[in-house]
Structures are given as structure tokens and as C-alpha cells.
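Asker: From first to last, the protein sequence lines are chains A and X. Per our numbering, the first sequence starts with residue 452, numbered consecutively. Per our numbering, the second sequence starts with residue 452, numbered consecutively. After the C-alpha cells below, expect a handful of questions from me.
There are 2 protein chains.
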Amino acid sequence: MARHLEIAHDLMEEIDEGRYAPGTALPTEDQLMSTYGTSRNTVRRALRELSSRGRIDTRQGSGSTVREYRPTVHLASSAKGEPDDERYTRYVERIKHEQGVEPTQRLRVIVEAATGRLARLMELDPSHTAGFVVIRRCDRYIGPRLWQRQLSYYPDFIAKGESKGAALMQPEDIPRGTRELLADLGYPQTKSWDVVGAKMPSLKDSALFGIGPGTPLLVHDRMAYSGNTPIRFTKTLMPADRHQLLYFEGDMTPEALRKATDVNIYDH
Amino acid sequence: MARHLEIAHDLMEEIDEGRYAPGTALPTEDQLMSTYGTSRNTVRRALRELSSRGRIDTRQGSGSTVREYRPTVHLASSAKGEPDDERYTRYVERIKHEQGVEPTQRLRVIVEAATGRLARLMELDPSHTAGFVVIRRCDRYIGPRLWQRQLSYYPDFIAKGESKGAALMQPEDIPRGTRELLADLGYPQTKSWDVVGAKMPSLKDSALFGIGPGTPLLVHDRMAYSGNTPIRFTKTLMPADRHQLLYFEGDMTPEALRKATDVNIYDH
DNA sequence: TCATGCGATTCATTCCTACAAGTCCCACCA
DNA sequence: TGGTGGGACTTGTAGGAATGAATCGCATGA
């Protein structure tokens, strides 16, 4: 095996065995050089191997420390009596309680012509004037850090159809939640599907979320329908080291849900 | 900005603009060296930046090509009239149809004492003889490639309780599906929760799944209950570049579900 | 026509060096 | 006592070089 992979393997094992606990400093590059009798390049490559897998954080001038994972679980199924759109808010409130940091959000509204995949998804005809979407972008921060970015797409006949729909065009929070607003406008949400996946962040994403190397993004797409009319498509981006999604089926007891909330996919 | 990040940024932009289409070769290291008037190390660093984000594949002797993503969507909610455990199988069948490759699977059964988190999760008392779990590990392959790994944990009082339960201890496929088997044993599944997240693979995981750098793993944990008794915990690991999970609420039409199946989180 | 083998191209690994820049501690001074 | 500056330590960036290994195309020969 290549020398740098040997070193990486060694270090990874020692981390897994708890020799280097989370938060603990790894040996410095100089120390590793003499330990393994190899050049700095090789040592650095080994460390990069750990870094790109999200196992360590390296700070210039300071050293490398073992990363710790405490992702928070985020309810994605509709709980009884809880409006759909309150979920993220409730979640943010929980974070606030857990971390003692004030959550903030920044909203931005854009109107765009829907083309290609998006038009097909929303069942809009781009040749009509109706082939537009209102995009509400909501960036949620915990402290100075971008916590999640949510992009919601609404067909513009909803926003333009009634005077109340104009609220969708305002870059302001909708206190009742958009689900209720849509219901008031004659589009009660009757069904929805979610697609969940993960990808690595682009350079921009990394800077945007302030996430270290080796941190994937959890991507959550949701399409909501009223009858058979698509009324909203939502794409949510979240750093996977701080977010997990929770779904359930059947009548869950509070204890079971609480237990699910404590699950950490990084375990085992 | 650092020189290698400039180059990486440039290349990423050109990829996004379609200048280098998926599957297309990027310029060679030599070409990039003269284009940017920089050393090979710097060029390689830029390329590694793309590689660790899963944007390119680099092959020795050949060059770097733009990676393409066609993840398949995998139904995670219970569809009506479809037993829970058939889902993955059905999914594999679909892959087989799409890709024309025979899926295979390898099963392994282990019995282990449940400790710590797992015992708490399964509500088992480690001091009792009942504090054991039967672990069924199922590796599913598409061709020679590991497609997903599934670890199912059953409390051993289920496997030992009745003679039929012994089927759980056999490293063989259970044709009816384990959900039906559990129902026969007196533990019909009444509710469940799922936690979905993503993490970077360890060195072992990378080798196991044969995934290139910059490919996260999608992790899917599911706890199933019969009444308030935990009857199964399942952890599924899947490379995120080939898997997405689909959930839904309400009565979905086949067309809407088909549309969801076509969603690709790498779009937009 | 087809298989073989050679050579050019290309990336992989590893070494070396130099300097920049961030961190941290401690001695020194006000 | 408390603040400041300097120096040691540590990682970041960049360049140069040599060798190994995989790939691919092309010419050669059966």
C-alpha cells in the first residue's frame, strides 16, 4: 500500500480506538515525519486523507484535532397538529435552546421564468405567461453561520391570483406559515413527496456554509400538491455534519420519537 | 485567493457552464501548467480540489474526466399493498432492468451481545440473557460492485421464541420478507421511524464500495416497532452518487411518483 | 486482418527546499 | 498586575525534480 495511505490508516485506527479522542490534537506534522521516517509531503497527504473524510480539522499555526459529530435530528414527517412549515422553525428553536444562540434568517424573493426540468416538475408551460415561478430563498443562520438554505418555488398564478397571494412576493416571514397561506388561497396541501440525497459542496457552497473539507451537504427536495396541482417545490441544503432528517410511519409515542431524535448516524 | 483555488474555481465554472460536458476530458496537467504558468504541484492541488468534491474522475495514464450523476431514487415510504422488505428488492430489480446487470446479494448472520447505545435503542437489558441481538448483514451487489450494505438487528427473543424464528438465524434470503415473518411470529410492524443522514466513507468503506474520492455515503437508520416493542433496527449504507430516498405523504398518483423518481438532487 | 509490442503520454508517489502566515506562550516592561 | 511584543512552533502555499505505473495509439509482424 502507498505510504501515505498506511499512515492515514494508522491514524484512523487510532482515532477509532479512542487513542485520540474527539477534540484531541493529533501529532504535529514534524512528529509524524520522524515517527514514520517520511517527508512532510507524505505526512500532509495522509492528513489530507483524514481531512477529506471529515475526520479531522486542521488549523494553520495550531495543528490537527479530531472532529466530533453531533448532528441534530430534524423532523421531516408531518406531526399531528403541526403545520408543515413550522418544522424548520421549531427545529431552529430547539437548536437555540440547545446551543443558546439566537437564530436569524434572511429572505429573498425572485421571480423567474421556469424552464426545462423545473417547468416540467411544476407542470408549467414555458410558452404561457403563467410559466413563471416565485422563488423564496430563506437562509437560516445560527449565530454568524449559515445553518441551512431553503429555496421554495411557487407557480406564479398562486401569487398573482389573489391579493392575499402577494404576501408570497414579500421578502418577509409569513408568520402563519406558507402552508396555511396556500390553503387560504384555495390550495390546501393534500399530498407531497420528498427526495433526500447528499452531495459534496461546491467551492461556493463550502464558503457559504463555512464547512470544512469532507463535509457533505444533505439535500432535501419536496414537492407539495393540492389535489393534482403542484403548489410548491422546496429544496433545502444542509451541512450533513449538523443535520439529519427524521421520518416516521404510524402513531409514534413521544418516547420513541425522542429516542429517534438521539440517533447519530455516525455511531456504530 | 490562493493560486490553486483560482484554478479550481476556473475549472469548476467551466464545468458548470458546460464547457466541459460530463464524460469529457479536462486538459492534462501539462496543459494546465502552461495555461496558468504554474507548477505541477499547484495544478494537481487544483484538480484534487475538484476530485475531493466529486466533480471529476482521474485515471492514471489517461487523464481527468467530468463526473456524471444519475442517482436512482429508492422508495422508502410504505407503498400500499407492498410489504416493507420488498422495497430494496424491487429497487434492485428496477436497477437490473435499467442497467441490464444481474443483482446478487450475500447474507451473513451474527449474534452479539447488545451494549450501550444499541441496547438502549432496542430496549434490551444487557444483564439479562435476552440482551442479545441477531445481526443480519446483507450486501447487495450490482455486477461486481457493492451497491448497498444493510445491517438488520433483531432482539434474539424473537429469533429464539418460536421454531419459525430460526429462519432469522439462517444466512439465507427470506422470500416473504422479514416483515411478514415477524408478523407470523406475533410481532406485526405497527410503526417505525427513519433517520437519514450522510457522512464521508472511511478508508475501508471507500474500498468496500469501490467509490471514488468525494463520494459521500447516504446512511439510513430505521427502527420498527410492534406496539411499543422494538422488533428491528436497520442501518443501510449507500453511496450517495447512486442512491436517493423517496418519502411521501397522502395518496400519490402513479404519475406524481414517477416524476419524483426522476428527480436528481444534483440538478439546479 | 488481427495480435503484439514498443514508445509517447499522462497521472501517482515521493522526495527536497523556501517562504508565508497563523497561533501560542512567555518574558519583559509599564 | 496587566498588556505587549517577540520568538518558537505549526500549518499553508509554491516551486523543482526524479521515478514508477497505467493508458493509448501506432507501427510492426504473423
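Just so you know, even glycine gets a beta-carbon here, dropped at the ideal spot from N, CA and C. Please read all numbers here as calculations on a predicted model, not as lab measurements.
Curious, which full-length beta strand (DSSP E) runs of at least 3 residues does the region 586 to 613 of chain X contain?
Answerer: Inside the region 586 to 613 of chain X, DSSP marks whole beta strand (DSSP E) runs of 3 or more residues at positions 596 to 606, from first to last along the chain.
Asker: Are the beta-carbon atoms of L688 of chain X and W644 of chain A separated by less than 8 Å?
Answerer: no
Asker: Taking Cβ positions only, does D576 of chain A come closer than 8 Å to chain X?
Answerer: no
Asker: Indicate whether R600 of chain A and L558 of chain A have their beta-carbon atoms separated by less than 8 Å.
Answerer: no
Asker: Below 8 Å on the Cβ atoms is my contact criterion, and I expect L654 of chain A with A691 of chain A to pass it. Report the Cβ-Cβ distance as a whole number of Å.
Answerer: Not quite, the Cβ-Cβ distance comes to about 17 Å (not below 8 Å), so this is no contact.
Asker: Give a yes or no on whether the C-beta atoms belonging to P595 of chain A and N715 of chain A are separated by under 8 Å.
Answerer: The answer is no: Cβ separation not under 8 Å.
Asker: So with CB distances below 8 Å, who are the chain A contacts of Q621 of chain X?
Answerer: Those do not exist, as Q621 of chain X stays about 24 Å from chain A at its closest Cβ, beyond 8 Å.
Asker: Among A:R571, A:R627, A:V562, A:R495, which one has its Cα closest to the Cα of R454 of chain A?
Answerer: Among A:R571, A:R627, A:V562, A:R495, the Cα nearest to that of R454 of chain A belongs to A:R495.
Asker: In the DSSP assignment, find the unbroken beta strand (DSSP E) run with G567 of chain A in it and report its ends.
Answerer: Here G567 of chain A belongs to no beta strand (DSSP E); instead the alpha helix (DSSP H) covers 567 to 573.
Asker: Rank A:Q482, A:A618, A:P652, A:D672 by C-alpha distance to the C-alpha of Y698 of chain X and give the top, closest one.
Answerer: For Y698 of chain X, the closest of A:Q482, A:A618, A:P652, A:D672 by C-alpha to C-alpha distance is A:D672.
Asker: Can you list, in chain order, the residues of its chain whose CB lies under 6 Å from that of A675 of chain X, leaving out five sequence neighbours each side?
Answerer: Q640, S643, I682, R683
Asker: Does the distance from the CB of V647 of chain X to the CB of V646 of chain A come in under 8 Å?
Answerer: no
Asker: Please look up how many angstroms separate the CB atoms of G661 of chain X and L602 of chain X, rounded, as I've assumed it's under 8 Å.
Answerer: Their Cβ separation, rounded to whole angstroms, is 19 Å, which puts G661 of chain X and L602 of chain X out of contact at 8 Å.
Asker: E700 of chain A: buried (16+ other C-beta within 10 angstroms of its C-beta) or exposed?
Answerer: buried
Asker: Near M620 of chain X, which residues of its chain fall below 7 Å by C-beta distance, leaving aside the five closest residues on each side in sequence?
Answerer: V560, V585, A610
Asker: Among A:L696, A:L462, A:I546, which has the Cα closest to the Cα of Y592 of chain A?
Answerer: A:I546
Asker: Against chain X, does W598 of chain A count as a neighbour if the rule is that its beta carbon must be under 8 Å from one of theirs?
Answerer: For W598 of chain A, the nearest beta carbon of chain X is not closer than 8 Å to its own beta carbon.
Asker: From A:S513, A:A649, A:K615, A:I507, pick the residue whose C-alpha is nearest to that of Y520 of chain A; which is it?
Answerer: A:I507
Asker: Per DSSP, which one or two residues make a beta bridge with R470 of chain A?
Answerer: Bridge pairing for R470 of chain A: absent [DSSP].
Asker: Give a yes or no on whether the C-beta atoms belonging to G474 of chain A and T509 of chain A are separated by under 8 Å.
Answerer: no
Asker: On the DSSP bridge assignment, give the partners of K642 of chain A in chain order.
Answerer: A:Y676
Asker: To the nearest angstrom, report how far apart V562 of chain A and P478 of chain X are at their CA atoms.
Answerer: 38 Å
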